[in-house]
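Participant: First the structure, which I've put down as structure tokens, then a few questions once you've had a look.
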Amino acid sequence: MATVTAEKLVELVRKSQLAEPETLDAALEQIRSEQGGSLPTEAVALAKLLQRKKIVTRWHCEKLLLGKYKGFFLGKHKLLGHIGSGGMSSVYLAEHMKMHDLRAIKVLPQSKLGKSSYLARFQQEAKAIASLNHPNIVRAHDIDNQGDTHYIVMEYVNGDDLQTIVKKKGPLSFEKVATYIAQAARGLQHAHDMGLIHRDVKPANVLINSDGQVKLLDLGLALFTDDAEASLTMDFNDKVLGTADYLAPEQALNSHKVDHRADQYGLGCTMYFLLVGHPPFPDGTIAQRIAKHQKEMPKEIRKLRSDCPGELEGICWKLMQKDAKFRYATSAQAAEVLEQWLVKYRAQLPARVGGGGSSLRLGEESSSGDSRGSSSQALSSVDTVSNRGSDTMAGKSSAISSLSASDSGVLVRVAKRAGASDTSSQIDLASEIARRSQSHAGSSAHGNAPRGSAIHARSVAPARTGLAPGAHAPVASPIAAAKGPRWAWILGLIVMFALAVLLGIVIARLTSPATTPGIQSTSTLTPAAPRLAEYIVGVSIA
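The sequence shown stops at residue 542 when you use the UniProt record's numbering, and every number in between is there.
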């Protein structure tokens, strides 16, 4: 193709109708006056000036310099640039011709029309998006086609996806992770309520707008639970539907049979990615990674990021359970647990800012605990899983044997503690006993324990082996235990000592010979022997 000249470029811009003739003429006149009365002779230089005047975009210039001027419009929308491409479509930034607001338009390339599965899946996505209306899901405005070009007009989100954000900035803060995952869970719950399963939850499909709001997108793999034929799982380009790094075990086996809990697994893997900066299983081929999702648990988050709160890790672990029945019952429940954790975490933030050795260090003492509090009695008492022996919802003092990766689905029952305010990971028994002893000072031996502490002064726990993780063992008052028995033993010893001395004196009198003058002989003592024996026996019995 011949090189486009500056004069040819102006002609192509007019033919493209990217700008009104009057607007284009006014811009060209300004350029002439700025350039000494004439236009630049090189097309590239002129294109840059037209771009500065906002007559065309950079993407327009790239196409125009190649001699292309058709195809910049789809229906009522003017295409402004190429945003990106997915597995089966391309996304463009567009402007509505009448409303002048920005939209995102997903276009199915004409080259894909030869395969019926592509068009059917594309139409399925449009149907899925059109059925949803939630602040955490990208909205669909329209679906149409212009000749052989099929497209979906969607809400434009000014922001980046989580894949891009983590790639640029690394692992996110705990507060952002919990906030984003909770919002995504709310959006998923809306889709599930509408009978729709996303099936491709991953960081690249979670957008964050300029206000920090989550927007779920790319429902190309969506499955309507009431329409088995609409799944499109079968033989799509001989590939497993979904992304290997975030694919639920049951989805890899049969995408037709999955339910809403498959989205939870993808959400858990996404949460793992946000916390550590890489997927659960970053190494190996696609087949190897899918196999690992079937039978292995990933490396513990706190071995990769030691300051991660144990409770947050526990929530992630529950979302990623291999057996779907051990995940949360609903995505709304997962969102509620995260939101409650956020309330506690944010309440502790001033302690971090205060500084000093006595301030609370978040992620250590408060890295674990019961996130639900007294306000969420509706949640199950079993809402987390064991993290291979380290604490999740319970403290490190819980007697849990280590679990292997194959033990996924083994739950740890966490006892609810009414009014509990200490969310530390590990209980310092020495300080706990000291505090409670001081609180009992001046009370009776069987004084009442503080409200909600689950400590009873009357009961003594012989051991903690049968205690549920996170629960408090009954602790006996040391004062009550010592009062009474100590003095009884001392008094008994004194009495026994006195009896022994008396007995020794009596025996000495009986056995001593009567050789001293003035002392009666033993024969004269004989009649008194029975009375003495009775006396000795009586003393012994006493």
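Glycine included, every Cβ here is placed at the ideal spot set by N, Cα and C.
(1) Any idea which residues DSSP pairs L145 with across the strands?
(2) So for E155, helix, strand or coil by DSSP?
(3) Let me know if Q251 comes out buried or exposed under the rule of 16 or more other beta-carbons within 10 Å of its beta-carbon.
(4) Let me know if H100 comes out buried or exposed under the rule of 16 or more other beta-carbons within 10 Å of its beta-carbon.
(5) Alpha helix (DSSP H) containing E95: first to last residue?
(6) Can you check which of these residues, G67, T41, A47, F174, is closest to H3 by C-alpha distance?
(7) Might you give, ordered along the chain, the residues of its own chain that have their beta carbon closer than 6 Å to the beta carbon of A335, omitting 5 neighbours on each side?
(8) Is it right to say S89 is buried, meaning 16 or more other beta carbons lie within 10 angstroms of its own, or is it exposed?
(9) Ignore the nearest five residues each way along the sequence and tell me which others in I286's own chain have a CB closer than 7 Å to its CB.
(10) Look up L108 in the DSSP assignment and say whether it is helix, strand or coil.
(11) If distances are taken between C-alpha atoms only, which option among V44, N136, R509, G492 comes closest to K8?
(12) Grab me the residues of L113's own chain with a C-beta within less than 7 Å of its C-beta, minus the 5 sequence neighbours each way, in chain order.
(13) Going by DSSP in three states, F73 sits in which element: helix, strand or coil?
(14) Since N209 sits in a beta bridge, which residues does DSSP pair it with?
(15) Using the Cα positions of R103 and K76, report the straight-line distance between them to the nearest angstrom.
(16) Suppose the cutoff is 8 Å on Cβ atoms and the five residues either side in sequence are ignored; what does the same chain contact list for D130 look like?
(17) Between P21, N254, A508, T270, which has its C-alpha nearest T165's C-alpha?
(18) Where does Q520 fall in DSSP's three states?
(19) Since A140 sits in a beta bridge, which residues does DSSP pair it with?
(20) Checking the sheet assignment: what are the DSSP bridge partners for L102?
(21) Beta-carbon within less than 8 Å of L18's beta-carbon, same chain only, minus the 5 sequence neighbours each way: which residues are those?
(22) Taking the alpha helix (DSSP H) that L113 falls in, what are its first and last residues?
(23) What is the C-beta distance between L188 and D263, in whole angstroms, given that I count them as a contact (C-beta under 8 Å)?
(24) Where DSSP assigns a beta bridge to G84, which residues make up the other side?
(25) Residues in its own chain within less than 6 Å of K15 by CB, not counting five upstream and five downstream?
(26) For the alpha helix (DSSP H) that contains K202, what are its first and last residues?
(27) Quick one, which of N145, P280, N136 has its alpha-carbon nearest Q110's?
(28) Answer yes or no: do H293 and P249 have a C-beta to C-beta separation smaller than 8 Å?
(29) Could you give the first and the last residue of the continuous beta strand (DSSP E) run that contains V214?
(30) Rounded to a whole number of angstroms, what is the C-alpha to C-alpha distance between E155 and L267?
(31) On the CB-based measure, 16 or more other CB atoms within 10 Å of its CB, does Q35 come out buried or exposed?
Facilitator: Reading off the structure:
(1) Within the sequence shown, residue 145 is the residue found at index 145, counting from 1. Sequence check: residue 145 is Asn here, not Leu. Paired residue(s): H150.
(2) Working through the sequence shown from its first residue, we reach residue 155 at position 155. It is a strand residue.
(3) The residue labelled residue 251 in the question sits at position 251 within the sequence shown. By the 10 Å Cβ count, Q251 comes out buried.
(4) As a position in the sequence shown, residue 100 is number 100, starting the count at 1. Exposed.
(5) Walking along the sequence shown from the start, residue 95 turns up at place 95. Taken as a continuous stretch (DSSP letters only), E95 belongs to no alpha helix (DSSP H), being part of the beta strand (DSSP E) at 90–96.
(6) Within the sequence shown, the letter at position 3 stands for residue 3. The identity of residue 3 in the sequence shown is Thr, whereas the question assumes His. The shortest C-alpha to C-alpha distance from T3 to any of G67, T41, A47, F174 is the one to G67.
(7) Indexing the sequence shown from 1 puts residue 335 at position 335. Result list for A335: A182, A185, R186, in chain order.
(8) Here the question's residue 89 lines up with position 89 in the sequence shown. Buried, since its Cβ has 16 or more Cβ neighbours within 10 Å.
(9) Mapped onto the sequence shown, residue 286 falls at position 286. Contacts found: A244.
(10) Looking up residue 108 in the sequence shown gives position 108. Reduced to three states, the DSSP call for L108 is strand.
(11) Sequence index remark: in the sequence shown, residue 8 carries index 8 (1-based). Closest by alpha carbon: V44.
(12) Numbered from its first residue, the sequence shown carries residue 113 at position 113. Hits under 7 Å: L119, D148.
(13) On the sequence shown, position 73 is the one that residue 73 refers to. In the structure shown, F73 sits in a strand (DSSP, three-state: E or B).
(14) Position 209 of the sequence shown, counted from the start, is the residue given in the question as residue 209. G159.
(15) The residue you call residue 103 lines up with position 103 of the sequence shown. The residue you call residue 76 lines up with position 76 of the sequence shown. Roughly 11 Å separates the two Cα atoms.
(16) The residue labelled residue 130 in the question sits at position 130 within the sequence shown. The question names Asp, yet the displayed sequence has Ala at residue 130. Result list for A130: A140, I143, in chain order.
(17) Your numbering for residue 165 matches position 165 in the sequence shown. The sequence given here has Ile at residue 165, not Thr. Closest by alpha carbon: T270.
(18) Taking the first residue of the sequence shown as position 1, residue 520 is located at position 520. Summary for Q520: the model assigns pLDDT 44, below 50, so the residue's position carries little reliability; its value from the coordinates is reported in the next sentence. The answer is coil: DSSP assigns Q520 none of H, G, I, E or B.
(19) As a first step, residue 140 is located in the sequence shown; it is residue number 140 there, counting from the start. Answer is M154, bridged to A140.
(20) Counted from its first residue, the sequence shown places residue 102 at position 102. E95, per the DSSP bridge assignment.
(21) Residue mapping note: residue 18 aligns to position 18 of the sequence shown, counting from 1. Contacts found: I55, V56, H60, F72, K78.
(22) Stepping through the sequence shown from its first residue, residue 113 is reached at position 113. No alpha helix (DSSP H) holds L113; DSSP gives it neither H nor E.
(23) As a working note, residue 188 is residue 188 in the sequence shown. As a working note, residue 263 is residue 263 in the sequence shown. Confirmed, about 5 Å.
(24) Here residue 84 corresponds to residue number 84 of the sequence shown, with the count starting at 1. DSSP output for G84 lists V91 as bridge partner(s).
(25) Indexing the sequence shown from 1 puts residue 15 at position 15. Counting only Cβ-Cβ distances below 6 Å, and skipping sequence neighbours, we find Y69.
(26) Locating residue 202 in the sequence shown gives position 202, where the first residue counts as 1. No alpha helix (DSSP H) holds K202; DSSP gives it neither H nor E.
(27) The residue you call residue 110 lines up with position 110 of the sequence shown. Comparing Cα-Cα distances from Q110 to each of N145, P280, N136, the minimum goes to N145.
(28) Along the sequence shown, read from residue 1 onward, the residue named residue 293 stands at position 293. Along the sequence shown, read from residue 1 onward, the residue named residue 249 stands at position 249. In contact: H293 and P249 (Cβ atoms closer than 8 Å).
(29) As a first step, residue 214 is located in the sequence shown; it is residue number 214 there, counting from the start. V214 -> beta strand (DSSP E) spans 214–216.
(30) The sequence position of residue 155 within the sequence shown is 155, counting from 1. The sequence position of residue 267 within the sequence shown is 267, counting from 1. Spanning the two alpha carbons is a distance of roughly 22 Å.
(31) For the purposes of this step, residue 35 is taken as residue 35 along the sequence shown, with counting starting at 1. It is exposed - the Cβ of Q35 has fewer than 16 other Cβ atoms within 10 Å.
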